[in-house]
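In what follows, a structure is listed as structure tokens, so that the remarks can point back to it.
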Amino acid sequence: MEGLVSKPPARPKLLRRRNIRPRAAMSSNQSETINLDTLEPQQLAQVKKQLEEELEHLTSSFAQLHGAQNKFKECLRCVQARAADSQGSKSVLVPLTNSLYVSGELTSTDTVLVDVGTGFMIEKVTIHLFYHLAQRTKT
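Residue 39 in numbering that gives the first Met the number 0 sits at position 40 of the sequence shown, with consecutive numbering throughout.
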């Protein structure tokens, strides 16, 4: 029995170790990491909740960005169609509300009014607007 040495109990193997940075450290340029092996179950649940919230926020932001890109592409298509038909019909539908449109006539097809938000409109040359929208829709 003197020659027998007992082995220490084997440590359970982890499938994968992850180190994460807390949100506060991610927003600043700190490089603090937390070893998930050392966290209590309540802390792990909190980290999981935080990561799920961040994923939800990023997914929502991506969807909004994709929607804005689609609006730019639609505007670009409309500007291209109007530029191609500059000598043709000058009648258009003018939106008064989301569901109410009235017919109108274009006086000039060389310039367009662009809604830049909060009720402000600017006049742009069609070619400049075409270039601006093309730059915005690049992926």
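C-beta: ideal position from N, C-alpha, C; glycine also.
The model shown is predicted, which means the values in this text are computed figures rather than measured ones.
For residue i, three-class secondary structure by DSSP
i    : result
G103 : strand
L92  : strand
E122 : strand
T58  : helix
N97  : coil
Heavy atom of the ligand COA within 8 angstroms of residue i beta-carbon
i    : result
V101 : Absence of the ligand COA is noted for the structure shown, with no ligands found whatsoever.
Whether residue i touches residue j by CB criterion (9 angstroms)
i    : j    : result
E122 : T108 : no
K89  : T117 : no
L128 : V113 : yes
T136 : Q68  : yes
L38  : V46  : yes
L43  : L54  : no
Contacts around residue i, its chain only, beta-carbon distance under 7 angstroms, and the 5 residues preceding and following it disregarded
i    : result
I126 : none
Cut-off 8 angstroms between Cβ atoms - residues of its own chain near residue i, not counting five sequence neighbours on either side
i    : result
A133 : L75
C77  : none
6 angstroms CB neighbourhood of residue i in its chain, flanking five on each side removed
i   : result
V93 : V101 and G103
A23 : At A23 the pLDDT is 49, less than 50, meaning the model places this residue with poor confidence; the figure from the coordinates comes in the next sentence. There are no such residues.
A82 : T125
Enclosing beta strand (DSSP E) for residue i [first to last residue]
i    : result
T110 : T110 to G116
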